[in-house]
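**Q** Mind having a look at this structure? Questions to follow.
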Amino acid sequence: VVSHSHQMCKICLLALFTAHLTSRSTTDIQDPPPKCKQPLILGDCKASKRRYYYDAERKRCFVFIYSGCGSNGNNFDSFRECYEECEKTEVPGVNRYEPCFCPSLPPPAISDFLRDYCDQPLDVGCCNKDLPRFYYDYSSRTCKEFIYSGCGGNGNNFLDLYQCVFECHPSGKDNFNTPSFPLNLKNNQMFEVKIYLKVALVFLGSVLAFVRTQWESP
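Under mature numbering (1 follows the signal peptide of the UniProt record, and there is no 0), the residues of the sequence shown are numbered -24 to -1, 1 to 194, in order.
This is the structure:
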């Protein structure tokens, strides 16, 4: 006996297939705005800002690191903004803004599309700064700290442990309720203390060198 949900699923898939065959005209499929077809431009400044752009060939929005100036219109502050402007207009059919899903399966969330950059490898960038950041290690399924150089790199770069876990960890917010998570926060605090001590030692060394120079001078 076929359950009601499976019957609804078959009807849903049949409706999708029918809509796909009958809605290929230019009146049903909207072309994205011209700015969505502009090439990706990282810019020529030294900032490091997470932005999103639309890839016209792959018909998807992707994250990138924006330098802060010299870009074009294909540069969005959030994935949702990029999706609303460019991606969803490419989906054919009368109900192209509201895809059909089987009743027995939950629809994909917007956050599922945000995780492309979580699979990217660690990239410290190409400048000379020492900025504590976090990245998602896909092999171990954990967020780890690293030292970011200040420019370049990729989207797998988070300001704090919370943001990394929220966006990339499979358990998301639920991971904050696990017994092991406070330990990770303690490790994060120790990591920050080490950075501060390193800066303090460098500063102290500079002061001592200056005092010694003044003392030895005639």
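In this text, a Cβ means the ideal position worked out from N, Cα and C, and glycines have one as well.
Looking at C-alpha atoms only, which residue of Ser43, Pro9 and Tyr30 is the closest neighbour of Cys127?
**A** Position 151 of the sequence shown holds residue 127. Per the Cα distances, Ser43.
**Q** Hey, out of Asp136, Thr118, Asn130 and Asn132, whose CA is closest to Pro108's CA?
**A** Position 132 of the sequence shown holds residue 108. The residue with the shortest Cα to Cα distance from Pro108 is Asp136.
**Q** Cα separation between Asp4 and Cys58?
**A** Here residue 4 refers to the residue found at position 28 when the sequence shown is read from its first residue. Here residue 58 refers to the residue found at position 82 when the sequence shown is read from its first residue. Model confidence at Asp4 stands at a pLDDT of 46, short of 50, so the residue's coordinates are unreliable; what they give is reported in the following sentence. Each residue's Cα considered, the two are about 20 Å apart.
**Q** Quick check on Lys64: does DSSP put it in helix, strand or coil?
**A** Taking the first residue of the sequence shown as 1, we reach residue 64 at position 88. The answer is helix: DSSP assigns Lys64 an H, G or I state.
**Q** Comparing alpha-carbon positions, which option in Gln96, Arg34 and Asn51 lies nearest Lys11?
**A** Translated into positions along the sequence shown, residue 11 becomes position 35. Closest by alpha carbon: Asn51.
**Q** According to DSSP, is Glu121 helix, strand or coil?
**A** Within the sequence shown, the letter at position 145 stands for residue 121. Residue state, collapsed to three classes: strand.
**Q** Determine the extent of the beta strand (DSSP E) in which Phe110 is found, giving its start and end residues.
**A** Position 134 of the sequence shown holds residue 110. Looking at the DSSP string, the run of the beta strand (DSSP E) that includes Phe110 is Leu107 to Asp113.
**Q** Along the chain, where does the alpha helix (DSSP H) containing Phe40 start, and where does it finish?
**A** Here residue 40 refers to the residue found at position 64 of the sequence shown. Counting along the chain, Phe40 falls outside any alpha helix (DSSP H), though it belongs to the beta strand (DSSP E) covering Arg36 to Tyr42.
**Q** Determine the DSSP secondary structure at Asp31, reduced to helix, strand or coil.
**A** The count along the sequence shown starts at 1 and reaches residue 31 at position 55. Correct three-state label for Asp31: strand.
**Q** Going by DSSP, what residue range makes up the alpha helix (DSSP H) through Phe142?
**A** Residue 142 sits at position 166 when you count from the first residue of the sequence shown. From DSSP, the alpha helix (DSSP H) with Phe142 extends over Leu137 to Cys144.
**Q** Using the three-state DSSP reduction, which class does Lys25 fall into: helix, strand or coil?
**A** Position 49 of the sequence shown, counted from the first residue, corresponds to residue 25. Looking at Lys25 - three-state DSSP - the assignment turns out to be strand.
**Q** What span of residues does the alpha helix (DSSP H) with Phe55 cover, start to end?
**A** Residue 55 sits at position 79 when you count from the first residue of the sequence shown. Note, Phe55: alpha helix (DSSP H), Phe55 to Cys58.
**Q** Can you give me the C-alpha to C-alpha distance between Arg36 and Asn48, rounded to a whole angstrom?
**A** Against the sequence shown, residue 36 aligns to sequence position 60. Against the sequence shown, residue 48 aligns to sequence position 72. Distance between the alpha carbons of Arg36 and Asn48: 18 Å.
**Q** In the DSSP output, what is Phe186 paired with across the bridge?
**A** Within the sequence shown, residue 186 is the residue found at index 210, counting from 1. Paired residues: none, contrary to the question.
**Q** Using only CA atoms, which one of Tyr124, Gly19, Leu184 and Thr118 lies nearest to Lys105?
**A** For this step, residue 105 is matched to residue 129 along the sequence shown. If we check each option's Cα against that of Lys105, Tyr124 comes out closest.
**Q** Residues in its own chain within less than 7 Å of Arg26 by CB, not counting five upstream and five downstream?
**A** As a working note, residue 26 is residue 50 in the sequence shown. Only Val39, Ile41 and Gly131 meet the Cβ criterion.
**Q** On the DSSP bridge assignment, give the partners of Phe134 in chain order.
**A** One-based indexing of the sequence shown puts residue 134 at position 158. DSSP lists Phe110 as partners of Phe134.
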